[in-house]
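Have a look at the structure below, then the notes.
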């Protein structure tokens, strides 16, 4: 069996490591995936997600739902707990706490996001930390109790310690190839 790989940045809205952050995307599209979070206080939640994490209020029905967005395909729907069906509300209250959602960002955003979240809600954000898979992350706990990980790619050196760490985990690091591919196609 032949495995074909390609440079995922060709199809991803996430900028390459070291690039500036794109502006929030205000276009309308069929969302391939989104997160729905129930909240006891919609106003407080919207304030935290927008001023802390950097989402925009793309669309709201006051008191009923707020559609938040950062970049393309980073969509969150905030819904008041009392507006969801009783069975779904009970499931939401019993949801496991080990679940998190991750959103891509760029390195230059992490310190500001952590500081903004902590200014709004003490202790709500970690300091940025490096991962073995070559990202720097900040973990935020929102007023609803959602665990949100903001993750940014660090610059990658295929001959550096991160490449060796990935190899030890069984992950083949991308090669540098002119034209954007990280390996040969098919």
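Residue numbers (the working numbering): 21 to 206.
Heads up, the beta-carbon is just placed ideally off N, CA and C, and yes, glycines get one too.
Quantities reported herein were computed from a predicted structural model and do not represent experimental measurements.
Practice task
Return the CA-CA distance between residue 182 and residue 150, expressed in angstroms with no decimal places.
Solution key: 11 Å
Exercise for the section: Thinking residue 133 and residue 170 are a contact (beta carbons under 8 Å), I'd like their distance in whole angstroms, please. Expected result: 6 Å
Practice task
Find out if the Cβ-Cβ distance for the pair residue 164, residue 65 is shorter than 8 Å.
Solution key: In terms of Cβ geometry, residue 164 and residue 65 form a close pair [threshold 8 Å].
Practice task
Could you check what DSSP says for residue 157 in three-state terms: helix, strand or coil?
Solution key: strand
Practice task
Could you have a look at residue 68 and say whether DSSP puts it in helix, strand or coil?
Solution key: helix
Practice task
Under 8 Å Cβ to Cβ from residue 83, same chain only, skipping five residues before and after it: list those, please.
Solution key: Excluding residues within five positions, the ones whose Cβ falls inside 8 Å are 62, 100.
Handout entry: DSSP three-state assignment for residue 142, whether helix, strand or coil
Key = coil
Practice task
Go to residue 187, then tell me how far its alpha helix (DSSP H) extends in each direction, as first and last residue.
Solution key: 181-188
Handout entry: Inter-residue Cα distance where the pair is residue 98 and residue 175
Key = Rounded to whole angstroms, residue 98 and residue 175 show a C-alpha spacing of 34 Å.
Exercise for the section: Pick helix, strand or coil for residue 147, following the three-state DSSP scheme. Expected result: Coil at residue 147, not helix or strand.
Practice task
Quick one: using the 10 Å Cβ neighbour count with 16 as the cut-off for buried, is residue 73 buried or exposed?
Solution key: buried
Exercise for the section: Report all residues from its chain with a CB closer than 8 Å to the CB of residue 59; omit the five preceding and five following residues, and keep chain order. Expected result: Excluding residues within five positions, the ones whose Cβ falls inside 8 Å are 65, 98, 99, 100, 101, 163, 164.
Handout entry: DSSP three-state assignment for residue 135, whether helix, strand or coil
Key = helix
Practice task
Pull up the distance between the alpha-carbon of residue 188 and that of residue 34, whole angstroms please.
Solution key: 26 Å
Handout entry: Residues bridged to residue 89 [DSSP beta-bridge criterion]
Key = Assignment of beta-bridge partners to residue 89 by DSSP yields 76, 95.
Problem - Best match in 145, 79, 69, 146 for proximity to residue 48 [C-alpha to C-alpha] - result: 79
Problem - Proximity of residue 68 and residue 95 at Cβ, strictly below 8 Å - result: no
Practice task
Could you pull out every residue in the same chain whose Cβ sits closer than 6 Å to the Cβ of residue 92, ignoring the five residues on either side in sequence?
Solution key: Within its own chain, the residues whose Cβ lies closer than 6 Å to the Cβ of residue 92, once the five positions on either side in sequence are excluded, are 33, 45, listed in chain order.
Problem - Cα-Cα separation between residue 168 and residue 153, rounded to whole angstroms - result: 18 Å
Problem - Identity of the residue in 76, 173, 71 nearest residue 43 by Cα - result: 76
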